[in-house]
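Trainee:
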Amino acid sequence: AQSVTQLGSHVSVSEGALVLLRCNYSSSVPPYLFWYVQYPNQGLQLLLKYTTGATLVKGINGFEAEFKKSETSFHLTKPSAHMSDAAEYFCAVSGNNFGNEKLTFGTGTRLTIIP
Amino acid sequence: DAGVIQSPRHEVTEMGQEVTLRCKLISGHNSLFWYRQTMMRGLELLIYFNNNVPIDDSGMPEDRFSAKMPNASFSTLKIQPSEPRDSAVYFCATNLRISGANVLTFGAGSRLTVL
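What follows is the structure, encoded as structure tokens:
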């Protein structure tokens, strides 16, 4: 079984500041990890994913995340926040990537950017 | 959401009425997922299909909810009778092959309001 915990339901950062959104997972098998972003009145869009290989993964819009097995974490970062980054972010985990698996989502973190 | 088309985008109905939400997959896929999103409960998996067969419907709230997938590119989620607590955004999703990995790809959602 898999589960995800996102620390902080709301995060506010100033424009140009570092963005750090935290995600910890629990999985009984090697996990596949994902970050999704949801803009108002839209569906979820994939930001980045970790399946196998390099533990630092880069996604769209300048975001990246690092898989740390020892810490069971997959935190999302961006060096410099932009106003357009304001959205809700979801971390998700699955136990395989065969195409028929279901994802378990965290409760989401709403990111606000302060001008 | 290019691969997943949902209709209607918005539905307002009165308590007791039947509601049918539709999902069309643009190209052939093996899997289809129905999620519900509310402020209180976040993103919940209701049911998912693999090769048109329901694999896990443990997330379906109660007998008022039913889902069908009559062919590989179409599914419906029906609520009969609807209740105000069913008000939510309902998302359909499927797995798309992106950069060598299967990625859950969402439609834009159907926003349901039950008065």
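Going down the list, the sequences are from chains L and H.
For the first sequence, the numbering used here assigns the number 115 to the last residue and increments by one with no breaks.
For the second sequence, the numbering used here assigns the number 115 to the last residue and increments by one with no breaks.
Think of the CB as a built atom: it goes at the ideal place given N, C-alpha and C, for glycine as much as any other residue.
Which chain H residues sit within Cβ distance under 8 Å of T109/L?
Mentor: The contacting residues do not exist; T109/L stays about 11 Å from chain H at best.
Trainee: Run through DSSP, which three-state label would M69/H get?
Mentor: strand
Trainee: Can you find a C-beta in chain H that's less than 9 Å from the C-beta of T51/L?
Mentor: Closer than 9 Å: yes.
Trainee: Kindly list the residues whose CB is nearer than 7 Å to the CB of K68/H, restricted to its own chain and excluding five residues on each side of it in sequence; keep chain order.
Mentor: S75, T76
Trainee: Should V37/L and I113/L be called a contact, given that it needs their Cβ atoms to be closer than 9 Å?
Mentor: no
Trainee: Can you tell me where the beta strand (DSSP E) with G42/H in it begins and where it stops?
Mentor: 42-50
Trainee: Name the residue from G16/L, T72/L, Y32/L, G43/L whose alpha carbon lies nearest to the alpha carbon of Y89/L.
Mentor: G43/L
Trainee: If we define contact as Cβ-Cβ less than 9 Å, is K58/L a contact residue for chain H?
Mentor: no
Trainee: Report the CB separation of Q2/L from S94/L in whole angstroms; it is logged as a contact under 8 Å.
Mentor: 7 Å
Trainee: Determine, using beta-carbon pairs with one atom in the stretch 79-92 of chain H and one in the stretch 36-47 of chain H, whether at least three such pairs fall under 8 Å.
Mentor: yes
Trainee: Give me the subset of the stretch 48-71 of chain H whose CB atoms are less than 8 Å from a CB atom of chain L, sorted by chain position.
Mentor: Listed by position along the chain: Y48, N50, I55, D56.
Trainee: Please list the residues of the stretch 80-92 of chain L that have a C-beta atom closer than 9 Å to any C-beta atom in chain H, keeping them in chain order.
Mentor: Going along the stretch 80-92 of chain L in chain order, one finds F90, A92 with a Cβ nearer than 9 Å to chain H.
Trainee: According to DSSP, simplified to helix, strand and coil, what is T72/L?
Mentor: Secondary structure at T72/L: coil, using DSSP grouped into helix, strand and coil.
Trainee: Please report how far the alpha carbon of G108/L lies from the alpha carbon of V12/H, in whole angstroms.
Mentor: 26 Å
Trainee: On the DSSP bridge list, what partners appear for R64/H?
Mentor: Looking at the DSSP assignment, R64/H forms no beta bridge with any residue, so it has no partner.
Trainee: Do G100/H and V4/H have their beta-carbon atoms positioned less than 9 Å apart in this structure?
Mentor: Note that the C-beta distance between V4/H and G100/H is not below 9 Å.
Trainee: Which residues in chain H sit within 7 Å of G43/L, going by Cβ to Cβ distance?
Mentor: D1, F91, F106, G107, A108, G109
Trainee: What in chain H is Cβ-close to F74/L, meaning under 9 Å?
Mentor: Residues of chain H passing the Cβ test: none, with the nearest at roughly 15 Å.
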